[in-house]
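Scroll down for the structure; my scribbles are underneath it.
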Amino acid sequence: MRNPFQITLLAVAGFAFVLAYMVWGVIAQVTDYVDYDPVEATVLWGWTTALAIVGAVAILGALVIAGVGWEQRRSREREPLDAVPTR
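First residue of the sequence shown? That's 1181 in the numbering used here, and the numbers climb one at a time after it.
As structure tokens, this is what we get:
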């Protein structure tokens, strides 16, 4: 069973990347004219960068959660049977 936090992080990453791609398309339309507003283009580029960073950090968080779960399963498999207390 997957961790719900991992699923949420992956959903946030996907949403952020889709929004970044959409804003990137808006930037292409805004800068298509000769007399475009450079301030508006810069603000949109900042949003695109911020959304891409949020997506990358969310994927990194999901990978950390997956690694912690993997290490816990791996350490249980390596645990010797003699470590189980008996009476």
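Cβ coordinates follow ideal geometry from the N, Cα and C atoms, glycine included. Remember, it's a predicted structure, so these values are computed and weren't measured experimentally.
Per-residue burial, residue i [other beta carbons within 10 Å of its own, 16 or more giving buried]
{"i": "Arg1231", "result": "At residue 1231 the sequence reads Leu, which differs from the Arg that was named. By the 10 Å Cβ count, Leu1231 comes out buried."}
{"i": "Ala1191", "result": "exposed"}
{"i": "Thr1228", "result": "buried"}
The alpha helix (DSSP H) enclosing residue i, as first and last residue numbers
{"i": "Arg1253", "result": "1218-1258"}
{"i": "Val1198", "result": "1184-1210"}
Heavy atom of the ligand GTP within 7 Å of residue i beta-carbon
{"i": "Leu1199", "result": "Here there are no bound small molecules, and the ligand GTP is not part of this structure."}
Rounded straight-line distance, which links the Cα of residue j to that of residue i
{"i": "Ala1208", "j": "Glu1251", "result": "44 Å"}
{"i": "Val1244", "j": "Ala1193", "result": "14 Å"}
{"i": "Ala1246", "j": "Tyr1201", "result": "27 Å"}
**Q.** the stretch 1234-1246 in contact with the stretch 1218-1225 per 3-pair CB rule at 8 Å
**A.** No, because fewer than three Cβ pairs between the stretch 1234-1246 and the stretch 1218-1225 fall closer than 8 Å, the two stretches do not touch.
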